[in-house]
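A.B. asks:
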Amino acid sequence: MSESTLSLNAATSGLPVVPEWRRIMNRVVGHRGLLLGSSILGVIVVLALLAPWIAPHDPFAQNISQRMIPPVWHDKGTWDHIFGTDKLGRDYLSRLLYGARISLSIGLLAALISGLIGTTLGVLAGYFGGRVDAVISYIITTRLALPVLLVALAMASLVGGGSVETVVVLLGLLLWDRFAVVARSTTQQLREAEFIASAKVIGASTSYILIRELLPNILSALIVVMTLEMAHAILLEATLSFLGLGVQAPMPSWGLMISEGKSYMFFKPWVIAIPGITLMLLVLAINLVGDGLRDMNAPEGRN
Amino acid sequence: MPDYALELSNLSRHFHLKNGAFKEPTLLKAVDGISLRIRPGETLGLVGESGCGKSTLAKMILGLLEPTDGDVLINDKARSASSRLSMARQLQPIFQDPYSSLNPRKTIEQIIRLPLQLHKEGNKESQKKAVKDISDLVGLPERLLKQYPGQLSGGQRQRVAIARALILKPKILVCDEPTSALDVSVQAQILNLLMDLKKELGLTYLFISHNLGVVEHLVDKVAVMYRGKIVEQGTRDEIFQNAQHPYTKALLSSVLTPEPALGLPEVLDSSAWDSAQAS
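Chains as they are written, first to last, in our numbering: chain A, 617 to 919; chain B, -8 to 270.
1. Per the DSSP calculation, Gln138(B) is bridged to which residue(s)?
2. Give me the subset of the region 84 to 103 of chain B whose CB atoms are less than 7 Å from a CB atom of chain A, sorted by chain position.
3. Can we say the region 87 to 96 of chain B touches the region 146 to 161 of chain B, given the rule of at least three CB pairs closer than 8 Å?
4. I'd like to know whether the C-beta of Pro106(B) is nearer than 7 Å to at least one C-beta of chain A.
5. What residues of chain A sit near Leu243(B), judged by a beta carbon separation below 8 Å?
6. One question on the structure: do Gly734(A) and Val783(A) come within less than 7 Å of each other, judged by their Cβ atoms?
7. Examine chain A for any beta-carbon lying closer than 7 Å to the beta-carbon of Leu64(B), and answer yes or no.
8. So the candidates are Glu191(B), Gln178(B), Thr17(B), Ser0(B); which of them puts its Cα closest to the Cα of Leu32(B)?
9. Tell me, please, whether the region 746 to 755 of chain A touches the region 843 to 850 of chain A by the rule of three or more beta-carbon pairs shorter than 8 Å.
10. Please classify Ser144(B): does DSSP put it in a helix, a strand, or coil?
11. Can you confirm whether Ile827(A), when its beta carbon is compared against all beta carbons of chain B, has any partner nearer than 7 Å?
12. Could you name the residues of the region 806 to 826 of chain A whose beta carbon sits closer than 7 Å to any beta carbon of chain B, in the order they occur along the chain?
13. Determine the DSSP secondary structure at His7(B), reduced to helix, strand or coil.
14. How about Ile85(B) and Ile221(B): are their beta carbons less than 7 Å apart?
15. Within 10 angstroms of its Cβ, does Met896(A) collect 16 or more other Cβ (buried), or is it exposed?
16. CB Ile65(B) to CB Leu82(B), shorter than 7 Å?
17. Give me the DSSP bridge partner(s) of Thr694(A).
18. On the CB-based measure, 16 or more other CB atoms within 10 Å of its CB, does Val659(A) come out buried or exposed?
19. If distances are taken between C-alpha atoms only, which option among Gly653(A), Pro885(A), Gly908(A), Asn679(A) comes closest to Pro686(A)?
20. Taking the C-alpha atoms as reference points, what is the distance between His848(A) and Leu720(A)?
21. Taking a cut of 8 Å between CB atoms, which residues from the region 672 to 700 of chain A lie near chain B?
22. Apply the 10 Å Cβ neighbour rule to His7(B) and answer buried if 16 or more other Cβ atoms are within range, or exposed otherwise.
23. Have a look at the DSSP bridge pairing and note the partners of Pro84(B).
24. DSSP three-state label for Asn903(A), please.
25. With a cut-off of 8 Å on the beta carbons, I'd call Leu194(B) and Lys162(B) a contact; round off their distance for me.
26. Could you tell me the boundaries of the alpha helix (DSSP H) in which Leu37(B) lies?
27. Are the C-beta atoms of Ala79(B) and some chain A residue less than 7 Å apart?
28. Relative to the C-alpha of Tyr287(B), which residue among Ala156(B), Gly11(B), Lys68(B) is closest?
29. Are the beta-carbon atoms of Glu223(B) and Thr239(B) separated by less than 7 Å?
30. Just to confirm, does Val775(A) get its C-beta within under 6 Å of one of the non-hydrogen atoms of the ligand GDP?
31. Against Asn833(A), what residues of chain B qualify as contacts under a CB-to-CB distance less than 8 Å, listed in chain order?
32. Note down the Cα distance separating Pro832(A) from Leu898(A), rounded to an integer number of angstroms.
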């Protein structure tokens, strides 16, 4: 790849030759937000993946004699429990590490499910237009008119809340609206493009055109939406767990940790500050990555 | 051998333009009862100003738009009665804008090979060889095959579009303003290529253009389109030497010439040919 690019660029433009991957790397490194976001996100992902090996204690092991030990920077803190312990004597750092797995997997899976639903609806509406568009647009507006949190709470209490799977499915069924709106408008822009017309004249089927010709061209916009919805889903999971309708104890969800610590808030603020800050960092990092990807895609930022 | 490669019989396409929720829609006759015949091996130039219905006509011929009335016959077979795949082997388009007619996410090789894949012709090796042969034929260097459309110039892209159109060996090409998005020196290259290919492969062209200067060099016959109708048709010499219809005359006199002494062409009052149309 790089060699033929070199010869063409040199032959046609006479400009200094810069390989494609180097150009992309330069743009990524030049974008501070993307760099910061992806570093934080990368660290959190690695820590979550390695949780079973690096967690100092079992996140579920209770020890009544070791309750509410403050973190290491306090006078009474110990290096054995760097972030202290909770009211049941469970190691806070281990619970945070395992909680990162819950947050990340719920965020990713919920965003994938909603991405699938939203993209399908949006592409169909944008491509076929007319009545199909009218029906799907109606569904989208209906969805937009419902407050997500309220519906999520109502549904969670109906199905009883509880497992990670329920929360994933619930959020997946609720967060597809932005995917649908973005997929619809980008598809509408491309529908009349001549490469679509030419695929039709060649004899390509509609499903081939939608999946192989159209989808790769709207994917970059959808990936940006995906990062934003992932952050959204992680926050919603924490909210639901905080309200007692999401992931249930003794799972180490960050929202649940904040909820369990709320009665100690005034005298032992670190009980909610630590999971709160990690949650904020994760959501911030994902949003920075999303913003960065959007800037990378914007044509005015090229070169 | 069929009598006509392409035959349009009373082809019409009407649009209902909405004027708001409670008003009557306006009827726009974009293409209004057009009949045309092109013999195999012939080149017909279809000329007319922007908005006269040329592209709507092209879309109907290509099967991208359903006619309101009439039918398109390709090699004596009705388009409406044939499958998209079988029509694809007989007639292919070359579009106006080579910047939007190639999928930006596919390599040139993938783009040219796609028709063979969809029609399940040969295996991977034979398809790749066919892509190389056709690239050779249209003057596309082999090193470009691994590139993406964004890395090619306008003229190279249009060569890719021509290669893709020809790889199924169709006998008819519908060229919808194939050079109007290119700069002048490249236009000549592409037009010469199209003419060479015609001789070599015995192709039939429907050449749609608003540029009479381009058409004059290429075509055997000319049809002049105005407001959805054919107002005049004949051989190239008949039209260019002895135009009858006032609109054709106006169109001919509006061609820009390279001689500076002639100045800008005179633009005529449209009422002259409107009244001729009405009568």
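All C-beta atoms in this analysis are idealised placements derived from N, C-alpha and C, irrespective of residue type, glycine included. Since the structure is predicted, the reported quantities are computational estimates derived from the model, not experimental observations.
C.D. replies: In brief:
1. According to DSSP, which records beta bridges pairwise, Gln138(B) is partnered with nothing at all.
2. Pro84, Phe86, Asp88, Ser91, Ser92, Leu93, Asn94, Pro95, Arg96
3. yes
4. yes
5. What Leu243(B) touches in chain A: nothing, since even the nearest Cβ is about 30 Å away.
6. no
7. no
8. Per the sequence shown, residue 32(B) should be read as Gly rather than Leu. It is Glu191(B) whose Cα lies nearest to the Cα of Gly32(B).
9. no
10. coil
11. no
12. Ala809, Glu810, Phe811, Ala813, Ser814, Lys816, Val817, Ile818, Gly819, Ala820
13. strand
14. no
15. exposed
16. yes
17. His697(A)
18. exposed
19. Pro885(A)
20. 11 Å
21. none
22. exposed
23. Val165(B)
24. helix
25. 6 Å
26. Here Leu37(B) belongs to no alpha helix (DSSP H); instead the beta strand (DSSP E) covers 34 to 38.
27. yes
28. With chain B covering only -8 through 270, there is no way to say anything about residue 287(B).
29. yes
30. For the ligand GDP, the structure offers nothing, since it holds no ligand at all.
31. Asn94, Pro95, Arg96
32. 28 Å
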